[in-house]
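Just below is one structure, and these are the notes that go with it.
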Amino acid sequence: MSVTLDAKIPSGPLADKWDKHKFDMKLVNPSNKRKYKVIIVGSGLAGGAAAATLAELGYAVECFCYQDSPRRAHSIAAQGGINASKNYQNDGDSVFRLFYDTVKGGDFRSREANVYRLSQVSENIIDQCVAQGVPFAREYSGYLGNRSFGGAQVSRTFYARGQTGQQLLLGAYQALSRQIELGRVRMHTRAEMLDVIIVNGHAKGIVVRNLVSGKTSTHMADAVVLGTGGYANVFYLSTNAKGCNVTAAFRAYKRGAAFANPCYTQIHPTCIPASGHYQSKLTLMSESLRNDGRVWVPKSKNDNRPALHIEEHERDYFLERKYPSFGNLAPRDISSRSAKEACDDGRGVGKTGLGVYLDFADAIKRLGEDTIRERYGNLFHMYEKITGENPYKMPMRIFPAPHYTMGGLWVDYNLMSNVPGLYVIGEANFSDHGANRLGASALMQGLADGYFVLPYTIADYLARIKPGEAGDSPPEAKAAEKEADKQTKRLLAVKGKTTVDEFHRRLGKIMWDYCGMARNAAGLKRALGEIPELRERFWEDVNVLGSDKELNQALERAGRVADFLEFAEVMCHDALERNESCGGHFREEYQTEDGEALRDDQNFTHVSAWEYQGVGAKPLLHKEPLVYENVKLATRSYK
Amino acid sequence: MNLTLHVWRQKSADLGGEMVRYDAKDISPDMSFLEMLDVVNEGLDQKGEEPIAFDHDCREGICGMCSLTINGIPHGPDRGTTVCQLHMRRFKDGDSIHIEPWRAKAFPVIKDLIVDRTAFDNIIRAGGYISASTGGVPDANAILIPKKNADDAMDAAACIGCGACVAACPNASAMLFVAAKVSHLALLPQGAVEAGTRVKKMISKMDEEGFGACTNHFECEAACPKEISVKFIGKMNREFLKASVKK
Numbered sequence: 005m006s007v008t009l010d011a012k013i014p015s016g017p018l019a020d021k022w023d024k025h026k027f028d029m030k031l032v033n034p035s036n037k038r039k040y041k042v043i044i045v046g047s048g049l050a051g052g053a054a055a056a057t058l059a060e061l062g063y064a065v066e067c068f069c070y071q072d073s074p075r076r077a078h079s080i081a082a083q084g085g086i087n088a089s090k091n092y093q094n095d096g097d098s099v100f101r102l103f104y105d106t107v108k109g110g111d112f113r114s115r116e117a118n119v120y121r122l123s124q125v126s127e128n129i130i131d132q133c134v135a136q137g138v139p140f141a142r143e144y145s146g147y148l149g150n151r152s153f154g155g156a157q158v159s160r161t162f163y164a165r166g167q168t169g170q171q172l173l174l175g176a177y178q179a180l181s182r183q184i185e186l187g188r189v190r191m192h193t194r195a196e197m198l199d200v201i202i203v204n205g206h207a208k209g210i211v212v213r214n215l216v217s218g219k220t221s222t223h224m225a226d227a228v229v230l231g232t233g234g235y236a237n238v239f240y241l242s243t244n245a246k247g248c249n250v251t252a253a254f255r256a257y258k259r260g261a262a263f264a265n266p267c268y269t270q271i272h273p274t275c276i277p278a279s280g281h282y283q284s285k286l287t288l289m290s291e292s293l294r295n296d297g298r299v300w301v302p303k304s305k306n307d308n309r310p311a312l313h314i315e316e317h318e319r320d321y322f323l324e325r326k327y328p329s330f331g332n333l334a335p336r337d338i339s340s341r342s343a344k345e346a347c348d349d350g351r352g353v354g355k356t357g358l359g360v361y362l363d364f365a366d367a368i369k370r371l372g373e374d375t376i377r378e379r380y381g382n383l384f385h386m387y388e389k390i391t392g393e394n395p396y397k398m399p400m401r402i403f404p405a406p407h408y409t410m411g412g413l414w415v416d417y418n419l420m421s422n423v424p425g426l427y428v429i430g431e432a433n434f435s436d437h438g439a440n441r442l443g444a445s446a447l448m449q450g451l452a453d454g455y456f457v458l459p460y461t462i463a464d465y466l467a468r469i470k471p472g473e474a475g476d477s478p479p480e481a482k483a484a485e486k487e488a489d490k491q492t493k494r495l496l497a498v499k500g501k502t503t504v505d506e507f508h509r510r511l512g513k514i515m516w517d518y519c520g521m522a523r524n525a526a527g528l529k530r531a532l533g534e535i536p537e538l539r540e541r542f543w544e545d546v547n548v549l550g551s552d553k554e555l556n557q558a559l560e561r562a563g564r565v566a567d568f569l570e571f572a573e574v575m576c577h578d579a580l581e582r583n584e585s586c587g588g589h590f591r592e593e594y595q596t597e598d599g600e601a602l603r604d605d606q607n608f609t610h611v612s613a614w615e616y617q618g619v620g621a622k623p624l625l626h627k628e629p630l631v632y633e634n635v636k637l638a639t640r641s642y643k
Numbered sequence: 228m229n230l231t232l233h234v235w236r237q238k239s240a241d242l243g244g245e246m247v248r249y250d251a252k253d254i255s256p257d258m259s260f261l262e263m264l265d266v267v268n269e270g271l272d273q274k275g276e277e278p279i280a281f282d283h284d285c286r287e288g289i290c291g292m293c294s295l296t297i298n299g300i301p302h303g304p305d306r307g308t309t310v311c312q313l314h315m316r317r318f319k320d321g322d323s324i325h326i327e328p329w330r331a332k333a334f335p336v337i338k339d340l341i342v343d344r345t346a347f348d349n350i351i352r353a354g355g356y357i358s359a360s361t362g363g364v365p366d367a368n369a370i371l372i373p374k375k376n377a378d379d380a381m382d383a384a385a386c387i388g389c390g391a392c393v394a395a396c397p398n399a400s401a402m403l404f405v406a407a408k409v410s411h412l413a414l415l416p417q418g419a420v421e422a423g424t425r426v427k428k429m430i431s432k433m434d435e436e437g438f439g440a441c442t443n444h445f446e447c448e449a450a451c452p453k454e455i456s457v458k459f460i461g462k463m464n465r466e467f468l469k470a471s472v473k474k
């Protein structure tokens, strides 16, 4: 399959594109909808919302998730909130402002038309969630409350305590549950997708392994939707759930779907630092903490005194110093990199030296401990649980951690990949956040794709095909199933000495060192040498006990790590190819005199979409130029 | 520190299980409980013994996947804490720790420490939602909700569906879980319309799934990692009574 990237952006003025497109797209006759089957992989905000909505519309839906219930998808962990351009606060927000902020926040590497649509439908999302019973924060008047979040200068973030993702996911889960009960969605839990089945160039089904019985099976449909999340676990340590993986997206990539901008990864500034080798994941604390916390390190190197013994004049409030107008609320990429610079400079805090302080002493003095407890009580509690330190009495220690991936499978304006019939939604696609995602925008995008975009655009595809075209078990399905089984058997046959987690840790270290917060050509080349070596060792020495006929968690992990070991190379190729710094991609060779990211708009105002060429072979680069008609490319300044 | 673990091992749903003893050596007090199990598992792996299977995912206390009974207490000794957020500094060198799965008829063991909680999903499917299809809903501020109701609804909605309430209850009752969802939705004007049918359907499904009845032990509240109050069981009982007398 040769890759052609046609973004299919509708013509006409920006503000009219989506409305015009909705009218131009074909509809499926209501009485025919039930004849079309749609497979949705993943049950998070994007997948869950899409499954519920498509079923409500009358399509036959099959939904798959690896967890024991669709309610546990990792969208649940989002804390801070969800943006919408409601302008309820009358502070100057608008669809265009949210659009502009998102394009600028993405460092001018996202598609204008997609982002504008996202901003438009953001308002519908809030309406929908309230109707579902999402208990958003309210004022005493009974109106919805808002807060300013993640560096926005308007208050457009809706939130449900520190559990916004949970409440939004439960809304989608409940809508999905209703459709399951009505028999319109067949839900498959503890089920992992291992391959996409392509028939005559169209995605027509998937291969799935039942994680309890171990059996693989094939499922055929008229279209396949991936809402399988991001790949931050390539770093081993990230804020993602342990089960988050790239497998579904990567297997689609191996079947011909282009992978776009894999080097755009977001490192979140406010996470709890790692404490030892056994560390299994990193815990994020909502960056709303930065609304009241002040970030600092000692001015002098290797200052090991306890925080409270360091006098005011000996402290460097580096974000306030470097970015006076945004201060502690500078965007995620900038805040993370500044923390790294301070630590590289030998001024990091804590046992490992990999941490900076987030200090609430001033806020407690100003507002009282009760107010701070009301605002952040659950986060302070969590911090104390994990570290054993009381953040009311001494500053928190924080350090950046991989959190979100802006890159993902390439999709057009309709959210369809370059493989016809294969749709990609939510974090799994690449489309809306450019090179850096703003806070409270992930929930917005997941739900936008699931509730309000895909249900329209998929009809335009389905209306052009006959239902059930590929049949129940075409030879392509059998072949794909056989291949998946072969891979499983191969993992079990190695019988080596090293655990899966140990390989994952080693891969994570390579990626963190050479393709993490700051990258350079020499390091990336080194990584491109080390990853294939590690992969080779994996296939010679990995130890996976048990069988494929039962619940086998080591086998599940082994399959995912095997894919990460291939995917990591694609990431490094992308990072090496992009000779500029933008958003979450910081190449040390490309920076201004005062250390800020230096974009190269002349040569890199494009999406890099990679086409698979075989294991270990350099993938083929395709470029989709990004055209800016409505915003002027500017240097992103938060000073 | 060094610990002795007694862990429930069960090969599959249809085979019996037993407690097996393991040594956990050189455990750091900064580890989470699950990280301690990871270390034990890596050791087993090295020795060619099959690792202990347990459910976990987000490891930050919100997904509700982790589900261990530690020394008889679901999620272990800390109040308001899932087992993934429990840290080893809570234990002493030389301690013996008993680790078992949730014990309830409605939650059959799948393997080792993993149980099947589909019964909870079935209860939600029976009515734990507001029937608002996508699109065609009013503006989010069109219906005002008193802050107190919104806050109370949020208190109830914080449930993570882990099942500790069931595991802690001597009757293996799911009353707190059901009450949390019934109350969350009934407290909101959007959910009040279906409140009567919802509570009846959910309670009847709960009984059908094999959960026991509530006899006011309130162990559920003590075990709940989100500290959901048993007052919601009272709220559910009122909703149920209202719905039952209404024709």
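Read top to bottom, the protein sequences are chains D and X.
Be aware that the first sequence starts at 5, since it is given in my numbering, and climbs by one per residue.
Be aware that the second sequence starts at 228, since it is given in my numbering, and climbs by one per residue.
Where a beta carbon is used, it is the ideal one built from N, C-alpha and C, also for glycine.
Since we're looking at a predicted model, the values are computed, not measured.
Buried or exposed: which applies to ALA440 of chain X, given that a residue is buried once 16 or more other Cβ atoms fall within 10 Å of its Cβ?
exposed
Sorted by chain position, which residues of the same chain lie with C-beta nearer than 7 Å to GLY321 of chain X's C-beta, five sequence neighbours on each side aside?
ASN229
Give the DSSP-derived three-state secondary structure of PRO536 of chain D in the structure shown.
helix
Between LEU371 of chain X and chain D, is the shortest Cβ-Cβ distance under 8 Å, so that the two count as touching?
Yes - at least one Cβ of chain D is within 8 Å of the one on LEU371 of chain X.
Counting contacts by CB-CB distance shorter than 8 Å, is HIS411 of chain X in contact with chain D?
Interface residue (Cβ-Cβ distance to chain D less than 8 Å): HIS411 of chain X is classified as such.
Collapsed DSSP secondary structure at ASN1 of chain D in the structure displayed:
The structure shown does not extend to residue 1 of chain D, since chain D is modelled only from 5 to 643, so the question has no answer here.
Using a Cβ-Cβ cutoff of 7 Å, what residues of the segment 334–347 of chain D are near chain X? List them in chain order.
none
Give the secondary structure of HIS25 of chain D by DSSP, where H, G and I count as helix, E and B as strand, and everything else as coil.
helix
Minimum Cβ-Cβ distance from GLY137 of chain D to chain X less than 8 Å
yes
Find the nearest neighbour of MET410 of chain D within the set D:ALA236, D:GLY512, D:LEU215, D:ARG377, judged by alpha-carbon distance.
Nearest of D:ALA236, D:GLY512, D:LEU215, D:ARG377 to MET410 of chain D, Cα basis: D:ALA236.
If we cut at 8 Å on Cβ distances, does ARG75 of chain D have a partner in chain X?
yes
What residue does the beta strand (DSSP E) around ALA497 of chain D start on, and which one ends it?
No beta strand (DSSP E) contains ALA497 of chain D, which is instead part of the alpha helix (DSSP H) from 479–498.
Comparing C-alpha positions only, which one of D:TYR642, D:TRP614, D:THR639 sits nearest to LYS258 of chain D?
D:TRP614
On the DSSP bridge assignment, give the partners of ASP206 of chain D in chain order.
It is His, not Asp, that sits at residue 206 of chain D in the sequence shown. HIS206 of chain D is bridged to D:VAL203.
Within the continuous alpha helix (DSSP H) that includes ALA405 of chain D, where are the two ends?
That residue, ALA405 of chain D, is in no alpha helix (DSSP H); its beta strand (DSSP E) goes 400–409.
Cβ shell of GLN170 of chain D (< 6 Å), same chain only, five flanking positions each side left out
Excluding residues up to 5 positions away in sequence, ILE80 lie with their Cβ nearer than 6 Å to the Cβ of GLN170 of chain D in the same chain.
Since THR223 of chain X sits in a beta bridge, which residues does DSSP pair it with?
Only positions 228 to 474 of chain X appear in the structure, and residue 223 of chain X is not among them; the question remains open.
Residue environment, LYS501 of chain D, which counts as buried when at least 16 other CB atoms sit within 10 Å:
exposed
Is MET429 of chain X close to chain D? Criterion is C-beta to C-beta, closer than 8 Å.
no
Proximity to PHE571 of chain D [Cα-Cα], best of D:VAL546, D:LEU630, D:GLU544, D:LEU511
D:LEU511
Separation of HIS283 of chain X from LEU313 of chain X, as counted between CA atoms:
For the pair LEU313 of chain X and HIS283 of chain X, the Cα-to-Cα distance works out to about 13 Å.
Below 8 Å, how does it come out for the segment 61–70 of chain D and the segment 181–192 of chain D: are there three or more Cβ pairs, yes or no?
Short answer: they touch.
Contact defined as beta carbons within less than 8 Å: I believe PHE162 of chain D pairs with MET515 of chain D. What is the distance between those atoms, to the nearest angstrom?
The Cβ separation is near 34 Å, so there is no contact.
Under three-state DSSP, which class holds GLY155 of chain D?
coil
Consider the Cβ of ASP348 of chain X: report whether some Cβ of chain D lies at a distance smaller than 8 Å.
Chain D, which has a Cβ nearer than 8 Å to the Cβ of ASP348 of chain X, makes this yes.
Which chain D residues are close to ARG306 of chain X, counting only those with a beta carbon under 8 Å from its beta carbon?
Those do not exist, as ARG306 of chain X stays about 11 Å from chain D at its closest Cβ, beyond 8 Å.
How far does the alpha helix (DSSP H) with LYS470 of chain D in it reach, from first residue to last?
Careful: LYS470 of chain D lies outside any alpha helix (DSSP H) and carries neither H nor E.
Hey, out of D:LYS636, D:ASP72, D:ALA82, D:ARG255, whose CA is closest to LEU49 of chain D's CA?
D:ALA82
Stretch pair the segment 37–53 of chain D + the segment 465–475 of chain D: three plus CB contacts closer than 8 Å:
yes
Beta carbon of ALA432 of chain D, beta carbon of THR232 of chain D: below 8 Å?
yes
Do the segment 450–463 of chain X and the segment 398–413 of chain X meet, that is, are 3 or more Cβ pairs less than 8 Å apart?
yes
Is it the case that the segment 217–233 of chain D contacts the segment 569–587 of chain D, given that we only count it when at least three CB pairs across the two stretches are under 8 Å?
no
At 4 residues or longer, what runs of the alpha helix (DSSP H) sit wholly inside the segment 110–162 of chain D?
116–136
At a threshold of 7 Å, does GLY618 of chain D count as lining the ligand COA (C-beta to nearest heavy atom)?
The ligand COA is absent from the structure shown, which contains no ligand whatsoever.
Please name the residue, chosen from D:GLU544, D:GLU628, D:ALA156, that lies closest to THR609 of chain D on a Cα-to-Cα basis.
D:GLU628
Consider the Cβ of ASP282 of chain X: report whether some Cβ of chain D lies at a distance smaller than 8 Å.
yes
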